[in-house]
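Chemist: What follows is a single structure, and I will ask about it in a moment.
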Amino acid sequence: MQSVCRRVGACSSCLNRQLNGFLALIKWQRSPVPVCIRTIYSETGRWEKNYGQETRRRVENWWFPRIKEQFCRISETDKSRPKFYVLSMFPYPSGKLHMGHVRVYTISDTVARYQKMRGMQVLNPMGWDAFGLPAENAAIEHGLHPASWTQSNIQHMREQFDALGLSFTWEREVTTCLPEYYKWTQYLFLKLFESGIVYQKEALVNWDPVDQTVLANEQVDDNGCSWRSGAKVEQKYLKQWFIKTTAYAKAMFDALSDLPEWYGIKEMQANWIGDCVGCSLDFLLKVNGEVSGEKLAAYTYTPEAIYGASHLYILPSHRLLHGNSSLKEVFQREFIPGEDSLTSVTAVNLLTNQEIPVVISAKTSFENYLDTKIGIPSTSAEDAAVAKNLSISFIEVIEKLPNGLEKVINSGEFTGMTRQDALKALTQQAKNKGIGGDLMSDKLRDWLISRQRYWGTPIPVIHCQKCGTVPVPYEDLPVVLPNVTTFTGKGASPLETNADWERSLCTYTHWYFFINKPFNRDLADYWMPVDLYIGGKEHAVMHLFYARFFSHFCHDLKMTKYKEPFHKLLVQGLIKNQTFRLRTTGQYLKREEVDLTGTEPVHLKTGEKVQVTWEKMSKSKHNGIDPEELMKEYGIDTIRLYILFAAPPEQDILWDTKTDAMPGVQRWQTRLWTLVTKLIEARTSETIPNPEVLSKKEKAEAKRIWEQKNLVISEVTEYFTKDHLFNAAISRLMSLSNVLHQASWPLVLHSAEYEDALATLCIMVAPMAPHIASEMWKGLAHIENKLCTHHNWGADVLHQSWPKVDPEYLASGAELLTAAINNKACGKVVVPQQAARNVEEVHEIVLQSELGAKHLQGRTIKKAFLSPRTALINFLVQE
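For the sequence shown, the numbering used here assigns the number 625 to the initial residue and increments by one for each residue that follows.
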């Protein structure tokens, strides 16, 4: 406990977390103690020559608490240092880590340690996406309240994270189900409410009759069944809360072009949003000339032609025919199946004040998600045909000009404008009046946030019989969940109270990148945007879209400086393992139930042929791997190196410990240890190292080591900063270790180049395998008669500066480029020769450099120019 006790003034929660980490480590270490116990240099001052299993255990046992404590603290009073904010998607607290967790958080930990060694102030927070249906159902199954179930799972998973030695900024931990967090979710809701971005309406929803909750479309499988309960999903009309995310669709679509390449994710975002060419406009419905009180938003692809609207379409499945509408009976009575049905209901356009009839379309569906459209014959032959067939009059509002352009006519004050100018003017006027006008696609719908279950954020509104729907005052936040002692989980029944509180609950947590202090403008402006956001590709559409929406909204309210929340994305692939299924029934089998000795795998019990596939690890598929068991067998560093070496981050890993990856990284660790052993033994001999005694041939060999070291620094640094290709970085470090292994004995004893290359190798290994690197560095640091004095030998390896390419090497290979901003030079950056003529590669290298962090971070770069004649890149930046 020495490393804990010497921390003066540590709060009790910090101490408890550390104690939990020690207890988890002790549990992990629990195994029969060998009779003859070897020890390590850090404990005894005697170097252990062999890096076997027991040495590895001793190394990790010694360094585990020390390297953990070396990272966690940040200083927010010191904003002079460049920052790096790495954020992994928060896990759902299921209570058990899986290998997918291990992969994503190993990547984030490696990036965080690397950036800290580059001199950055690093924020690497952890939190728990703790609300939602899974926790609620699990709690019911175990006879517990979801709060108790969730908190116990969080505690266990935190201990598991600690046992992995991950470098989270725990002081920024957030839990989305705690009132101190969802107070700010409610705060955001009120801001959305005030801005007219949140609203209620009756909507057709997917209803799970077993879980008694609303499901999003993506939670319904191809057979129309619930993703979780398996029940046949019902269609039901309910009054729901929506966030008008469509209001930001065009801005978010356009902003994609200013973001760096997201490896296909930008395209996924663009496809999800769709081409924002049209908009919705609000109409007031009348029946028999009397205002009904019903409002309707209808979409048009050509808002500039709105004065030529002849009718308004709705589908036969529209809520006006099936919900609680006052016009339901009229529409049902006048609907003729199979035909376009002209009704007696009319719609008043709140922009133009024109009154047009409502038509129930003969179609069963429109394009994408539309259920209401505006018929404009001037721009649609189909609309013109329907209007003529139903004897609905209309006027032409588009005139073609001889020069090929078009202008609008018969359109009030907008007459004479080009179509493009009229589009801008009409939609802006609609937005000013609050009656629609936001450009969006026909693919995008507003975000339904209501849930009919208990475990979510209460929506902070009161239903008053006198005043209607009234927002809760800010000073009364948070509106907490009621204290329910008997928890059934059925519908909204747990929310029975005497007040008229809103019973619907929401579970959105997509603003968590603000990390518990979302509206401290000073801190937000310093840390945002997130420099690297890491998570699964399955969350790269909706979750990312909603996170971007909140960031754009907060920016518009001047809460934050930056519109976009994430500068760079890293989407990691799955970890898959083999599954075995009976071909007849599809039943999953355990590996031990399968005979793999023949030409084809068969079921041991029945002899039936078995289908073998690679699938995402899952308990139900009997192909899961327990991270704790792996740690016991291989240790933390080996698992980390395997995760990073087995495949590039975005690719899937096919898990099989019999492949070359696991034994390969084990052999490499042994080889690294041997290199340090070799140098320690050489320098403890009676011979004093003297580079002058080297022969010409040996000096040439030393120069090759120096060149290889600089090349590897250049390449590994690029792999760490550009594409995060840790597998390629490890491969290059392996090549450097091979070069050092081949060095002759005189070089080991007398060469400064050899010593420096080995020290540099150790430093570059440290972010990925911090325990073994820390012990090797300690061994190197205590060598007498060192030839290299530029390293900080008195500090541990994780406190070393990341290696830089020697200036002398630049002349022989790499290039030193001048970086300019708006034609004014601001510094120089080392660029590998093979990348020096590629503007995109140089652009990214500069952005990831210390110079880029200082001068370009968070600024809007319009364009970058790479000079064809001189070593110069010039960034045009918006002032």
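Even for Gly, the Cβ is constructed at its ideal location relative to N, Cα and C.
Just to confirm before moving on: does the CB-CB distance between residue 1455 and residue 1475 stay below 8 angstroms?
Modeler: It is not a contact, given that the beta carbons lie outside the stated cut-off.
Chemist: Using 10 angstroms around the beta-carbon of residue 1292, count the other beta-carbons present and answer buried if the total reaches 16, otherwise exposed.
Modeler: So residue 1292 counts as buried.
Chemist: Using a 10 Å radius around the Cβ and a threshold of 16 neighbouring Cβ atoms, would you call residue 715 buried or exposed?
Modeler: The residue is buried, with at least 16 neighbouring Cβ atoms inside 10 Å.
Chemist: Since residue 839 is in the beta strand (DSSP E), which residue starts that stretch and which ends it?
Modeler: That run of the beta strand (DSSP E) goes 837-839.
Chemist: Taking all protein chains shown into account, do 16 or more other C-beta atoms lie within 10 angstroms of the C-beta of residue 845, making it buried, or fewer, making it exposed?
Modeler: Burial call: exposed.
Chemist: Is residue 1235 buried or exposed, if buried means 16 or more other CB atoms sit within 10 Å of its CB?
Modeler: Answer is exposed; the Cβ neighbour count stays below 16.
Chemist: With residue 685 as the anchor, note down where its alpha helix (DSSP H) starts and where it stops.
Modeler: Start and end: 677-693.
Chemist: Go to residue 1497, then tell me how far its beta strand (DSSP E) extends in each direction, as first and last residue.
Modeler: Note, residue 1497: beta strand (DSSP E), 1496-1501.
Chemist: Just the Cα atoms here: how many angstroms apart are residue 732 and residue 837?
Modeler: So the two alpha carbons sit approximately 35 angstroms from each other.
Chemist: What separation, rounded to the nearest whole angstrom, lies between the Cα atoms of residue 1429 and residue 805?
Modeler: Each residue's alpha carbon lies about 45 angstroms from the other.
Chemist: Note down, in chain order, each residue of its chain lying with its Cβ closer than 6 angstroms to the Cβ of residue 1345, except the 5 sequence neighbours on either side.
Modeler: Correct list, in chain order: 1472.
Chemist: Inspect the beta-carbon positions of residue 1421 and residue 1390 and report whether they are closer than 8 angstroms.
Modeler: For residue 1421 and residue 1390, yes; Cβs fall inside 8 angstroms.
Chemist: May I have the straight-line CA-CA distance separating residue 1125 from residue 1084, to the nearest angstrom?
Modeler: Legend: pLDDT at residue 1125 = 41, less than 50; position of this residue unreliable, value from coordinates given subsequently. Approximately 8 angstroms, taken between the alpha carbons.
Chemist: Go to residue 770, then tell me how far its alpha helix (DSSP H) extends in each direction, as first and last residue.
Modeler: It spans 770-787 - the alpha helix (DSSP H) in which residue 770 sits, taken as one unbroken run.
Chemist: Tell me residue 1386's beta-bridge partners as DSSP assigns them.
Modeler: In DSSP, residue 1386 forms no bridge with anything.
Chemist: How would you write the range of the alpha helix (DSSP H) that residue 1471 sits in, first residue to last?
Modeler: Note, residue 1471: alpha helix (DSSP H), 1463-1472.
Chemist: With DSSP as the reference, label residue 1347 as helix, strand or coil.
Modeler: Three-state result, residue 1347: helix.
Chemist: Out of 1237, 1360 and 1179, which one is the CA nearest neighbour of residue 1207?
Modeler: Comparing Cα-Cα distances from residue 1207 to each of 1237, 1360 and 1179, the minimum goes to 1237.
Chemist: Report, in whole angstroms, the separation of the C-beta atoms of residue 976 and residue 931, which I expect to be a contact under 8 angstroms.
Modeler: The pair is a contact, with the Cβ atoms about 6 angstroms apart (cut-off 8 angstroms).
Chemist: For residue 1459, which of 991, 1092, 1343 and 952 has the nearest alpha-carbon?
Modeler: The residue with the shortest Cα to Cα distance from residue 1459 is 1343.
Chemist: CA-CA distance, residue 652 and residue 1297?
Modeler: Unreliable positioning characterises residue 652 in this predicted model, as indicated by a pLDDT of 32, which lies under 50. A coordinate reading is not provided.
Chemist: Might you give, ordered along the chain, the residues of its own chain that have their beta carbon closer than 8 angstroms to the beta carbon of residue 919, omitting 5 neighbours on each side?
Modeler: Within the same chain, residue 919 has close Cβ partners 906, 907, 908 and 909.
Chemist: Kindly give me the distance between the Cβ atoms of residue 873 and residue 1063, rounded to whole angstroms, as I take these residues to be in contact under 8 angstroms.
Modeler: Confirmed, about 7 angstroms.
Chemist: Mind checking whether residue 1377 and residue 1356 have CB atoms under 8 angstroms apart?
Modeler: No, the pair does not count as a contact, with Cβ atoms beyond the cut-off.
Chemist: Considering just the uninterrupted stretch of the beta strand (DSSP E) at residue 832, what are its terminal residues?
Modeler: It spans 822-832 - the beta strand (DSSP E) in which residue 832 sits, taken as one unbroken run.
Chemist: Is the beta carbon of residue 943 less than 8 angstroms from the beta carbon of residue 1068?
Modeler: Contact: no.
Chemist: With DSSP as the reference, label residue 1483 as helix, strand or coil.
Modeler: Residue state, collapsed to three classes: coil.
Chemist: Kindly indicate which residue of 868, 885, 1043 and 985 has the alpha-carbon position closest to the one of residue 1059.
Modeler: That would be 868, whose Cα lies nearest to the Cα of residue 1059.
Chemist: Tell me whether residue 1347, by its Cβ, gets closer than 7 angstroms to a heavy atom of the ligand COA.
Modeler: By its list of ligands, the structure shown contains no ligand whatsoever, and the ligand COA lies outside what it can speak to.
Chemist: When DSSP labels each residue in this structure, what does residue 724 get in the three-state scheme?
Modeler: Correct three-state label for residue 724: helix.
Chemist: Which residues in the same chain as residue 1416 place their Cβ atom closer than 8 angstroms to its Cβ, once the five residues preceding and following it in sequence are excluded?
Modeler: Excluding residues within five positions, the ones whose Cβ falls inside 8 angstroms are 1423, 1424 and 1425.
Chemist: What runs of the beta strand (DSSP E), each 3 residues or longer, lie entirely inside the region 855-885?
Modeler: List check, beta strand (DSSP E) in window: 858-867.
Chemist: Starting from the C-beta of residue 1477, find all residues in its chain whose C-beta is less than 6 angstroms away, skip the five residues before and the five after it, and write them out in chain order.
Modeler: Cβ within range, chain order: 706.
Chemist: Who are the Cβ neighbours of residue 1490 in its own chain at under 7 angstroms, not counting the five residues just before and after it?
Modeler: 1463, 1466 and 1497, listed in sequence order.
Chemist: Verify whether the separation of the beta carbon atoms of residue 1354 and residue 1277 is less than 8 angstroms.
Modeler: Going by C-beta atoms, residue 1354 is not nearer than 8 angstroms to residue 1277.
Chemist: Pick helix, strand or coil for residue 912, following the three-state DSSP scheme.
Modeler: DSSP places residue 912 in coil when its eight states are reduced to three.
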